[in-house]
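First comes the structure, then the notes that go with it.
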Amino acid sequence: MCVWDVRKGYATRHGCKHNDVLPRQYTGQFHPHQSVNHKRNSVIIAHNGYIKLENTAQLHSADQALTKYHASVMAANLIVLDSADQYDGLNESDGRNPTLSTTFRTLNYRKANQTVLEAQTRVCTGPKQTKPLTEEQAFKVFDTILRSAKGELKDEEEVSRAQLGAFFAAMTIRANAFPEPTQWSEGERRAMEAYWPHLIRTLPSDIIFLADPEGSIMRLGNAIGPQYVGNGSYEMRLVGALREVLAGGHLGYEEVQGVLKDVLPLKSEPGTSGTVSESLLSAFLIGQRMNRETDRELKAYCLAFDDELGTVPVADVRSLTHYGEPYDGNTRFFRSTLFVAAVRSCYNEASLLHGVEWMPPKGGITEEQMLKFMGANTNITPLQAKQLLEDEAVGFAYVSQREARPSLYSLIEMREHIKKRPPLATSEKIQQLVRATGKEAIVAGFYHEGYEEPLLMLMRRRGVHAGLVVKGEEGALSMTTRSKSGNASKGLPVNYCSGFRSLNTPPAYDVDGVSREIFSFVVDAKEYGFEPSDTPRTDRSVSKNIELGLAALRGEKGPAYDRIVLNAGMADHLLGCEGADDVSTALDRARDAIDSGNALNRLMDYIKISKKIK
């Protein structure tokens, strides 16, 4: 990407190739040309004073590149609030390409060793999904671990303690509790037998404990594992819990919450009061997922930090839907929920979105990236979100986990080194960061069959009036209008929905008194008048996702428009929202919100007001 800085009336290039020359007609005093007005409803050509040109190497000249970018911006109608020079998104000092989701990864996160990380992808998973390592792979992994433990690998090549914890916990659980097909392969056993005599003399005691907690897995026994208790009271509780987890067992609600509250937020400096070994915590997190969490364990993760910031704010709105998108984002397809929230706010269906800027393992496009790119304030607290939800010009809000659950946010770097998703990847989707005086509902996306019921269980535990899980594309919330394919997805088909809605309206906390209607079916968009269409590809491009969404909110008909309408209208209907008893009526209401320009205005007002909120 080539960027010209024109904020001071002259051009300065950043990241441009030698032959990327600013066309003559744009040199000297810069004027954004006829396509840009200087007041409200201006079109972005200069993001914070920049012109961004993408894929210039594939074009004949920079003139064509600028023309192409100009045209694409016009097509999407990227609207700013007052003028282009007031755009307040990513700035020059940020040093990142804001168009790609991968660049939102925090730069000071340590990189994981790729050899061991690839092995974790295979072995740190469930009893049916695990793929044992071949002998060649196993020897390479153990050789890498030994060399790292000896100090022969530095920087990005070093195997982190979190990686060691996750890998050896996975090996132990497989040996103790997995069915024969996913236990150790002969190649893994030969590699372990060859390297264990060296590893036991080199690895720290916490890793040896994880690799052989009872001294019974390795033929060469050890006394370290059986006698290990950890350092300090917090580690003692964690080690006690791990003995059960490493044997394939489960924990009680209080045990899980006790561990989490002991060790989180992670302390950045080793030796700080409350610090625990990264290897032990990563082993605990991935171990619970590999054993397939029980309902009580998931509830512990879900509710552990509800009171972290004190009393939860209550918004004075008649209806509030909490959207639980997967925090690690989309890497392939259009992500629509931000635009759906803008649509639903037009008819007083308030929505609260939550997530992070960047999350492993996918590191895909998130709502926070899009909002930041468009210049919104992404440091909104739950109390400020309450104000936005109540604001008649807005009616929706986004809250980052960074602001609402700092303890859980402190785990992001460790989660990258664990590689596979821990229990938090499920529980963090079912949150109530703001409550409502009226009805509440939760919507969450899922991918792996078997997690739909645990998600609905957590929603019922939250006491909401309605709950909905959706198997959208990429495990996200977006239902698709593309034609059904028999082999397009493992397990349940895309557009599978399951949920409940209350038939009466007691207070939200009166869970036992609620009479619920239960439903589950696959949404066929064609039945509701949508023409089949392929889902728009975004391929990690934040700017592309924004262009698609804003073009749709401007009223441009096409696949993105259809998906926003489908997901807004179907959510209204399935959650039992007022005025949405009939699906066609609900869909028409969503279309009207877009075609009137109201939804687009709501999104623009959100960006504007979020920056001024106190």
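When we follow the working numbering, the leftmost residue of the sequence shown carries the number 1, and every step to the right adds one. In this text, a Cβ means the ideal position worked out from N, Cα and C, and glycines have one as well. Fair warning: this is a prediction, and the values are worked out from it, not measured in the lab.
- The residues THR144, SER148, LEU153, GLU156, GLU157, GLU158, VAL159, SER160 and GLN163, in chain order, have a CB closer than 8 angstroms to that of ASN113 in the same chain once the five nearest residues on each side in sequence are set aside.
- Between the region 189 to 200 and the region 213 to 225 there are three or more inter-stretch CB-CB distances shorter than 8 angstroms, so the stretches are counted as touching.
- The alpha-carbon separation between LEU553 and PHE339 amounts to approximately 7 angstroms.
- A check of alpha carbon separations from ARG482 across CYS124, ALA283 and PRO559 identifies PRO559 as the nearest.
- Looking at the backbone, the Cα of TYR327 and that of THR426 are separated by about 10 angstroms.
- For THR321, the three-state secondary structure derived from DSSP is strand.
- Within 10 angstroms of the beta-carbon of PRO179 lie fewer than 16 other beta-carbons, which makes it exposed.
- Counted as a single uninterrupted DSSP element, the beta strand (DSSP E) harbouring ILE442 occupies residues 439 to 445.
- Beta-bridge annotation (DSSP): ILE518 is paired with PHE500.
- Cβ-Cβ distances below 7 angstroms link PRO265 to PRO406, SER407 and SER410 in the same chain, with the five nearest sequence neighbours on each side left out; the list follows chain order.
- In the structure shown, the three-state DSSP call for ALA315 is strand.
- For the set SER336, GLN120, VAL469 and PRO226, the Cα lying nearest the Cα of ILE286 is the one of GLN120.
- Per the C-alpha coordinates, the member of MET171, SER185 and GLY187 positioned closest to VAL245 is MET171.
- The alpha-carbon separation between GLY329 and SER233 amounts to approximately 37 angstroms.
- The shortest C-alpha to C-alpha distance from VAL394 to any of LEU603, THR381, THR538 and GLY475 is the one to LEU603.
- A Cβ-Cβ distance of about 19 angstroms is found for the pair TYR323 and LEU303, leaving them out of contact under the 8 angstroms criterion.
- CA-CA distance, ASP534 to ALA525, rounds to 12 angstroms.
- Here ALA341 is buried. Its C-beta has 16 or more other C-beta atoms within 10 Å.
- Beta-bridge partners of HIS354 (DSSP): VAL399.
- Around the beta carbon of ASP391, a 10 Å sphere encloses 16 or more other beta carbons of the protein chains shown; the residue is thus reported as buried.
- Following the DSSP letters along the chain, one finds GLY287 inside the alpha helix (DSSP H) bounded by residues 278 to 290.
- The three-state secondary structure of LYS420, taken from DSSP, is coil.
- In terms of CA proximity to ASN545, SER336 leads the group ASP588, SER336, LEU492 and ALA466.
- The C-alpha of VAL469 lies about 11 angstroms from the C-alpha of LEU575.
- If only uninterrupted beta strand (DSSP E) runs of at least 3 residues are considered, those enclosed by the region 328 to 372 are 350 to 355.
- Burial check for GLY579: the Cβ neighbour count within 10 Å stays below 16, so the residue is exposed.
- Checking the DSSP bridge columns, you'll see ARG243 has no partner listed.
- A contact between stretches requires three or more CB pairs, one per stretch, nearer than 8 angstroms, and the region 440 to 450 fails this requirement with the region 297 to 313.
- Nearest to LEU133 by alpha-carbon distance, out of GLU188, LYS484 and THR125, is GLU188.
- Contact annotation: ALA436 and ARG318 have beta-carbon atoms nearer than 9 angstroms.
- If you look at LEU468, you'll find it in the beta strand (DSSP E) that goes 466 to 471.
- Contact check for HIS465 against GLU440 passes: the beta carbons are separated by less than 9 angstroms.
- SER410 sits in coil when the DSSP states are folded into three classes, being neither helix nor strand.
- Around the beta carbon of ALA350, 16 or more other beta carbons sit within 10 angstroms, so the residue counts as buried.
- With a threshold of 16 other beta carbon atoms within 10 Å, ALA223 falls short and is exposed.
- Looking at the DSSP output, ARG435 bridges to VAL314.
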